[in-house]
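Position one of the sequence shown corresponds to residue 1 (this note's numbering), numbered consecutively onward. Taking it in order: structure first as structure tokens, then the write-up.
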Amino acid sequence: MKIVKKYLKRKYLDFGIYSIFREINRSPRVLFWHGVSNECSSIVEAENIKFEVFKSQILYLKNKFEIISIEEYRDRLHLNCFTKKEVVLTFDDGYKNNLSVVAPYLSDLKIPFTVFITTNNINHNLLFPTSIIRLIIFGSQLKEIDIPSIKIKTKILDFESKKYFAGKISELIKTLPLQEVKNVCDELISNISTSEMNDLIFKYSSILPMNWDDVEKLKNYNCTIGSHCLDHICCHKNQEKEEIKFQITESKKVIENKLKLKCNFFAYPNGDFHEFSDNCVKEAGYDLGFSTQRKSVFNKDINKSSLPRISVPASLDTLKILLSLKL
Numbered sequence: 001m002k003i004v005k006k007y008l009k010r011k012y013l014d015f016g017i018y019s020i021f022r023e024i025n026r027s028p029r030v031l032f033w034h035g036v037s038n039e040c041s042s043i044v045e046a047e048n049i050k051f052e053v054f055k056s057q058i059l060y061l062k063n064k065f066e067i068i069s070i071e072e073y074r075d076r077l078h079l080n081c082f083t084k085k086e087v088v089l090t091f092d093d094g095y096k097n098n099l100s101v102v103a104p105y106l107s108d109l110k111i112p113f114t115v116f117i118t119t120n121n122i123n124h125n126l127l128f129p130t131s132i133i134r135l136i137i138f139g140s141q142l143k144e145i146d147i148p149s150i151k152i153k154t155k156i157l158d159f160e161s162k163k164y165f166a167g168k169i170s171e172l173i174k175t176l177p178l179q180e181v182k183n184v185c186d187e188l189i190s191n192i193s194t195s196e197m198n199d200l201i202f203k204y205s206s207i208l209p210m211n212w213d214d215v216e217k218l219k220n221y222n223c224t225i226g227s228h229c230l231d232h233i234c235c236h237k238n239q240e241k242e243e244i245k246f247q248i249t250e251s252k253k254v255i256e257n258k259l260k261l262k263c264n265f266f267a268y269p270n271g272d273f274h275e276f277s278d279n280c281v282k283e284a285g286y287d288l289g290f291s292t293q294r295k296s297v298f299n300k301d302i303n304k305s306s307l308p309r310i311s312v313p314a315s316l317d318t319l320k321i322l323l324s325l326k327l
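In structure tokens:
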């Protein structure tokens with residue numbers, strides 16, 4: 001089946017079929033990446049894509065679409081005057097390479113972009129949960145992991161077992177309340193020494209978040225700063241409502257206080273949302289909120305507090321196909 005899919009994908013691209021459907025299925029699209037790095041491990045630093053791939057994607061978008069700012073997207077949405085050729089570039093979490101790699105490149109091309117930051121990670125130089133999981137399981141030399149809070153104590157002797165448990169833990173933490181996620185991360189980190197942890201972070205540095213000086217510098221690159229909560233919290237129904245409201249509301253205040261500018265845009269970590277969280281986004285005073293739903297902005301049931309966004313794949317060919325599909 002994989003061979004058949006690969007063959008069909010190649011023909012879809014080689015015969016230019018994707019370009020026909022790209023025109024037929026035109027729709028405004030908000031795209032998101034995480035990090036972009038000159039050198040990165042596709043396993044440990046999976047949230048990053050390589051700079052050369054990123055450049056090819058941007059040049060394709062610049063040639064075939066109209067890249068607009070998130071503010072322009074908001075205005076066209078309110079006025080219902082989309083051309084259907086629009087794309088908005090956004091980046092989640094707030095990695096250091098958003099400043100060192102992404103910002104200079106997009107600035108040279110005069111392309112606007114948005115970074116949604118998780119403020120406690122910025123404040124305290126904290127790694128993101130899934131980064132910690134991959135760093136410890138794939139990056140270290142551990143042969144066994146012990147995470148008491150989720151009753152996992154197991155050997156990880158080969159790549160397949162590491163892949164299985166990294167996936168299992170990553171999916172599990174996306175369903176847990178915030179404090180339980182923090183417990184899992186702390187317990188996982190305790191499997192290795194502090195010096196080994198520091199060595200791993202140095203080796204796989206693309207997973208590092210920015211600090212506030214970095215975020216301040218982004219303002220000079222035609223970059224809009226949005227909120228991605230205080231912590232990288234999944235706003236699902238397993239979270240306490242008070243915590244969700246606090247995360248959405250306070251992160252806006254933190255950004256506005258630190259940067260002395262309005263924070264008008266919000267993006268849900270992992271895309272999780274429900275009716276209560278949507279109401280929190282509205283009440284907090286954001287102009288727009290974004291999920292990771294893959295749907296058209298022209299849907300009758302579209303909600304301006306959880307607008308659709310599309311995750312950008314790690315290859316240009318797959319992006320071409322993705323942007324040719326109907327929303």
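Virtual Cβ for every residue (Gly too), placed ideally from N, Cα, C. Everything numeric in this text was worked out from a predicted model, so none of it was measured.
Quick one: Cα of I67 to Cα of L135, how far? 34 Å
Do the CB positions of D93 and T118 come within less than 8 Å of each other? Yes.
Applying the criterion that 16 or more other CB atoms from any shown protein chain within 10 Å of the CB defines a buried residue, is R10 buried or exposed? Here R10 is exposed: its Cβ has fewer than 16 other Cβ atoms, across all protein chains shown, within 10 Å.
Determine the direct distance from the alpha carbon of I201 to that of Y268, and round the result to whole angstroms. 26 Å
When the distance is taken between beta carbons, is I132 closer than 8 Å to L218? No.
Expected contact under 8 Å - CB spacing of P308 and K320 to nearest Å: The pair is not a contact, with the Cβ atoms about 19 Å apart (cut-off 8 Å).
Within this structure, are the beta carbons of Q239 and P177 separated by less than 8 Å? Using a Cβ distance threshold of 8 Å, Q239 and P177 count as a contacting pair.
Closest by C-alpha distance to E52, when choosing among V36, N63, V44: V36
For R26, which three-state DSSP category applies? coil
Whose CA, out of L316, N121, F82, lies closest to the CA of W212? N121
Using only the alpha-carbon positions, how far apart do G285 and N257 sit? 15 Å
For N198, which of V88, R74, L127, T292 has the nearest alpha-carbon? Nearest C-alpha to N198 among V88, R74, L127, T292: L127.
Along the beta strand (DSSP E) that carries A267, what are the first and last residues, could you check? 265-267
First and last residue of the alpha helix (DSSP H) that includes V184? 178-189
A314 vs I111 beta-carbon contact at 8 Å: no
Is the CB-CB distance between T130 and S195 below 8 Å? No, they are not a contact pair.
In chain order, what residues of the same chain have a beta carbon less than 7 Å from the beta carbon of T83, not counting five sequence neighbours either side? E66
Closest Cα partner of W33 within the set L157, Q57, I24: Q57
From the DSSP output, in three-state form, read off Y286 for me. coil
Length at least 4, wholly inside the segment 224-286: the alpha helix (DSSP H) runs in chain order: 241-259, 275-284
Is T83 helix, strand or coil by DSSP? coil
Classification of C185 by the beta-carbon crowding that lies within 10 angstroms, buried from 16 upward: So C185 ends up on the buried side.
Can you check DSSP and say which residues form a bridge with D146? Among the bridge pairs identified by DSSP, D146 is matched with K153.
Is it right to say T224 is buried, meaning 16 or more other beta carbons lie within 10 angstroms of its own, or is it exposed? So T224 ends up on the buried side.
Please state whether the Cβ-Cβ distance between D278 and S251 is less than 8 Å. no
Contact set for G271: own chain, Cβ-Cβ below 8 Å, skip 5 residues either direction: S291, T292, Q293, R309
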